[in-house]
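What follows is one structure encoded as structure tokens, with my remarks underneath.
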Ligand SMILES: [Zn+2]
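Residue numbers (mature numbering (1 follows the signal peptide of the UniProt record, and there is no 0)): -27 to -1, 1 to 237.
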């Protein structure tokens, strides 16, 4: 039954079977007792008139995937931040010092609020203390960082370690690298993923609107090795939907091309 209800919730079917048919449907004699013309909603026409209106399906077009101020912006090695050289996110705010912010990091206000709730829940539920390791990074910071690695390792080596300027999710103010005070893990190795904090975050971040952006088995999709410390704020609606559907990456959820590397 649940499956049937979900199918009926598709916007096109809903318009045809709901209690208030459109004028054109009425004019053509399509009443609520008529068999539905929609194949997806037709297996049991008898139940249609009494099926309660289900919640509409998740609207994947609600927010822009391209606007760098959008909660759902998708940044990867194929999708640079639009106008990156001049882009600074709105409403940047320092992460409160009481949240363990040793490097004075900032994020968007909405992301700080969600992060505070997640850090508090981690303390209560996992018993650990999380650290905000790295949040917003400016374009010029990314230029310096990338150039440092190019000088040290060449372009190919740098691309393994650092995002190119304009391609870092950290510039949106929506991404945060998280460590903790007890595991001894760093952002150099996947150790954090096995820690109490890392496992709690992987399982619970969605409740606060965050996703683990670079899962272990999705390098071919995201272009990044497993980063158990890197979380991206997308809001609870999207994070919860992705969790419920078992879809781990933004690329897969929105049907975007995989981004294993840079175009040139
Ligand atoms: Zn990161």
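In this text, a Cβ means the ideal position worked out from N, Cα and C, and glycines have one as well.
Counting along the chain, residue 86 sits inside the alpha helix (DSSP H) bounded by residues 82 to 98. Runs of the beta strand (DSSP E) lying entirely within the segment 154 to 189, each at least 3 residues long, are 183 to 185 in chain order.
Residue environment: residue 29 is assigned as exposed (fewer than 16 neighbouring CB atoms within 10 Å of its CB, all protein chains considered). Distances from the CB of residue 200 to the heavy atoms of ligand 1 include at least one below 7 Å.
Assigned with DSSP and collapsed to three states, residue 204 falls in strand. Residue 232 has its CB no nearer than 7 Å to any heavy atom of ligand 1. Between the segment 154 to 174 and the segment 52 to 69, the count of Cβ pairs shorter than 8 Å is below three; the stretches do not touch. The segment 105 to 114 makes no contact with the segment 204 to 224; the number of CB pairs closer than 8 Å stays below 3. Collapsing the DSSP output to three states places residue 105 in a strand. Comparing alpha-carbon positions, the option among 110, 207, 64, 67 lying closest to residue 226 turns out to be 207. Residue 120 is classed as exposed because its beta carbon has fewer than 16 other beta carbons within 10 Å across all chains shown. In this structure, residue 188 and residue 179 do not form a Cβ contact; the two beta carbons are roughly 13 Å apart against a cut-off of 8 Å.
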